[in-house]
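K.L.:
Protein chains: 2
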Amino acid sequence: MECGGTKFVCATGDETGRLFERKEFPATTPVETIGRALEFFGGLAHPLEAIGIGSFGPVDLDPASPKFGYITSTPKDGWRDTDLMGAVRRATGRPVAFDTDVNAAALGEARWGAAQGLDTFLYLTIGTGVGGGGMANSRLMHGLVHPEMGHIRVPHDWGADGFAGGCPFHGDCLEGLVAGPAIEARWGQRGETLPPEHAAWDLEAHYIALGLATWICTLSPRRIILGGGVMRQAHLFPRIRKEALALLNGYIQAPEILERMEEYIVAPALGGDAGVLGAIALAVGEGG
Amino acid sequence: MECGGTKFVCATGDETGRLFERKEFPATTPVETIGRALEFFGGLAHPLEAIGIGSFGPVDLDPASPKFGYITSTPKDGWRDTDLMGAVRRATGRPVAFDTDVNAAALGEARWGAAQGLDTFLYLTIGTGVGGGGMANSRLMHGLVHPEMGHIRVPHDWGADGFAGGCPFHGDCLEGLVAGPAIEARWGQRGETLPPEHAAWDLEAHYIALGLATWICTLSPRRIILGGGVMRQAHLFPRIRKEALALLNGYIQAPEILERMEEYIVAPALGGDAGVLGAIALAVGEGG
């Protein structure tokens, strides 16, 4: 199951990436939303071997922690300290694998999509928020907590952009500058309603490319996959590639960047199914 | 051997981290400098089993590449496309392990220093330049090329700092703002000569903390080790910790950050020997 801050997607599938049943519903209260997920799992035609959860966060991924499997310090109303994994495990009696929604989507892309065979890559989603995950040394990125890539700081172009930024924690971190709500707050209308030639998009591409340049210098990913609602504006891709190339300015001497940018910064091959397929990949097992 | 852009350190040691012979010399031309290293290896009292090289970069770490083991696109005069690993291997007939200088130092700290037992951590050196390495998922960070962390972009505080930045590729990337030459260019005197109460250091701590906040959100390291000439100003540590905490603003809910910052952002336990001990650790083998 893909547990986003806006909607949940429950689905069943197998280790080849085929999907069988599938159901979507909005993320309202924990009781109602988790209840609808459990209802889905209770009414399946197929027997269920294991469940994978890719969840919005922050989440607790430390198996030694008393809050392992919880959604922790989220600003989303009512969801703070929610034992999501425990609720699913107790109700279904099945083994449950748990990770961030972006790491799940990254694993889906690694198994069946645009990141097959890559030991180090990035998966970013730019929508209601900005999230990042991926693999380093052929395993999903974890650590002290887990990546919270949307909250990196980038140079704010005050000359072109007087919007102060919309992140309640950091103001003008990357998420505060480029997520859907920031676009709407800055321009007074939703991104979907802004035409491709609107100044919003050059600014958007500039800030996203600043983030990518920083991550390229930090992680040296072999590919960067950009998903999420904002990236449905396909015209952003060539702008972001061009801007990232200009920002790196020839410093990283790799033909993947210098000559093949259109294969280096790409859309998810699994499209909107990356998240739920990734959750199924989690259930199958990271090594499987 | 630790091959820095300023000096080389050659040493012999064993798998317990003991050092025997040791010799330092300035990095002049490749012919002269590599020649002095080979002279060192030719005149040893102990038999030599393997050699580890931690080198300034960028370097080519791809075993499948024709330039594997080369220093590649460095701006350092005369060193572009230098087959450092090949020269050492041919002259000594020993197996040679090769990585960046910062990854070598990171491995030294993981084996014998401040990063023992940590699956994910960062090692940064702030001196003539800014370099970063470390481990993700218990292995040194590689990828398309290797991390070039000094070149991330951070918000430039134009109100407090009119210096345009000193990086020949990116101007005011992190290295362009905080490396030793940037301090000297901004204030007209070398950092060592500036007293702790000078405004230079609050600005320095601010920029470094911006970098750390970005890396904490990206990699979620379990610890950050800060070495290099600039960090010999020990008064920087408490300033950087305080500023990083303020920048993160409670978003990352981990007691290591919220309560134990003085154990989270630390100096190298191996001091100035991290690099050369790390090269010996490379020779012993990453898994050894």
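Each protein sequence line maps, in turn, to chains D and H.
Here the first sequence is numbered in our numbering, starting from 5 and rising by one per residue.
Here the second sequence is numbered in our numbering, starting from 5 and rising by one per residue.
Glycine included, every Cβ here is placed at the ideal spot set by N, Cα and C.
(1) Give a single yes or no on whether P242 (chain D) has its beta carbon closer than 7 Å to a heavy atom of the ligand MN.
(2) Could you pull the start and end residues of the alpha helix (DSSP H) that P185 (chain D) belongs to?
(3) Sort out for me which residues DSSP pairs E28 (chain H) with in a bridge.
(4) Pick from H:T10, H:R22, H:L207 and H:A217: whose alpha carbon is nearest that of D161 (chain H)?
(5) How is D103 (chain D) classed by DSSP in three states: helix, strand or coil?
(6) Just to confirm my understanding: we take M235 (chain D), look at its own chain, exclude 5 residues before and 5 after, and list those with CB closer than 6 Å. What are they?
(7) Out of H:A91, H:L128 and H:A108, point me to the one whose CA is closest to A271 (chain H)'s CA.
(8) Please state if the CB of A168 (chain D) and the CB of G175 (chain D) are separated by a distance shorter than 8 Å.
(9) For Y211 (chain H) versus V158 (chain H), is the C-beta distance shorter than 8 Å?
(10) Give the residues of chain H in contact with G231 (chain D), contact being defined as C-beta atoms less than 9 Å apart.
(11) Of the residues that make up the region 213–243 of chain D, which ones have a beta carbon closer than 7 Å to any beta carbon in chain H?
(12) Give me, in chain order, the residues of the same chain whose beta-carbon lies closer than 8 Å to that of T222 (chain H); leave out the 5 immediate sequence neighbours on both sides.
(13) Fully enclosed by the region 148–179 of chain D, which alpha helix (DSSP H) runs are 4 residues long or longer?
(14) Give the secondary structure of I228 (chain D) by DSSP, where H, G and I count as helix, E and B as strand, and everything else as coil.
(15) With a cut-off of 8 Å, do at least 3 Cβ pairs link the region 253–266 of chain H to the region 74–83 of chain H?
(16) If contact is defined by three or more beta carbon pairs under 8 Å, each pair taking one atom from either stretch, is the region 140–160 of chain H in contact with the region 137–151 of chain D?
(17) The region 168–187 of chain H: which residues have C-beta closer than 7 Å to a C-beta of chain D, in chain order?
(18) Is any beta-carbon of chain H found at less than 8 Å from that of P62 (chain D)?
(19) Y268 (chain D) by DSSP, collapsed to three states: which one?
(20) Anything in chain D within Cβ reach of Q257 (chain H), meaning under 8 Å, just list it in chain order.
(21) Anything in the region 149–166 of chain D with a Cβ closer than 8 Å to a Cβ of chain H? List those residues in chain order, please.
(22) Show which residues of chain D have a CB atom less than 7 Å away from the CB atom of N141 (chain H).
(23) Mind checking who M139 (chain H) pairs with in its DSSP beta bridge?
(24) In the DSSP assignment, what are the bridge partners of G58 (chain H)?
(25) Near A164 (chain D), what residues of its chain come up, given a Cβ to Cβ distance below 7 Å and the 5 sequence neighbours on each side ignored?
(26) I need the DSSP call for I256 (chain H), collapsed to helix, strand or coil.
(27) Listing by chain order, which chain H residues have their CB less than 7 Å from the CB of G253 (chain D)?
(28) Report the neighbours of H210 (chain D) on chain H: residues whose CB is nearer than 7 Å to its CB, in chain order.
(29) Drop a sphere of 10 angstroms on the beta-carbon of D81 (chain D), count the other beta-carbons inside from all chains shown, and report buried for 16 or more, exposed for fewer.
(30) Mapping the DSSP letters down to three states, classify T86 (chain H) as helix, strand or coil.
(31) Compare the beta carbon distance of M89 (chain H) and I57 (chain H) with 8 Å and say whether it is the shorter of the two.
(32) Sorted by chain position, which residues of the same chain lie with C-beta nearer than 6 Å to R194 (chain D)'s C-beta, five sequence neighbours on each side aside?
(33) Compute the Euclidean distance between the alpha carbons of A213 (chain D) and R94 (chain H), then round it to the nearest angstrom.
(34) Identify the continuous alpha helix (DSSP H) that holds Y211 (chain D) and give its terminal residues.
(35) Consider the Cβ of E260 (chain D): report whether some Cβ of chain H lies at a distance smaller than 8 Å.
(36) Along the chain, where does the alpha helix (DSSP H) containing F45 (chain H) start, and where does it finish?
P.N.:
Well, looking at it:
(1) With respect to the ligand MN, the structure shown offers nothing to examine, as it has no ligands at all.
(2) G184 to W191
(3) H:V13
(4) Residue H:L207 holds the alpha-carbon nearest to the alpha-carbon of D161 (chain H) among H:T10, H:R22, H:L207 and H:A217.
(5) In the structure shown, D103 (chain D) sits in a strand (DSSP, three-state: E or B).
(6) Here the set comprises I130.
(7) H:L128
(8) yes
(9) yes
(10) From the beta-carbon of G231 (chain D), no residue of chain H is found nearer than 9 Å; the closest lies around 18 Å away.
(11) L214, A217, T218, W219, C221, T222, L223, S224, P225 and R226
(12) none
(13) none
(14) strand
(15) No, the region 253–266 of chain H is not in contact with the region 74–83 of chain H.
(16) yes
(17) F173 and H174
(18) yes
(19) helix
(20) P62, T76, S77 and V149
(21) V149, H150, P151, E152, M153, G154, H155, I156, R157, V158, P159 and H160
(22) A140, N141 and R143
(23) M139 (chain H) pairs with H:F125 and H:L144.
(24) Beta-bridge pairing links G58 (chain H) to H:E6 and H:D103.
(25) Around A164 (chain D): L207.
(26) Assigned with DSSP and collapsed to three states, I256 (chain H) falls in coil, not helix or strand.
(27) Reading the sequence as shown, one finds Asn at residue 253 (chain D) and not Gly. Chain H residues near N253 (chain D): F173 and H174.
(28) Correct list: empty, because the minimum Cβ distance to chain H is about 11 Å.
(29) exposed
(30) strand
(31) For M89 (chain H) and I57 (chain H), yes; Cβs fall inside 8 Å.
(32) E188
(33) Between A213 (chain D) and R94 (chain H), the C-alpha separation is close to 43 Å.
(34) Counting along the chain, the alpha helix (DSSP H) containing Y211 (chain D) begins and ends at A203 to L223.
(35) yes
(36) From DSSP, the alpha helix (DSSP H) with F45 (chain H) extends over P34 to G46.
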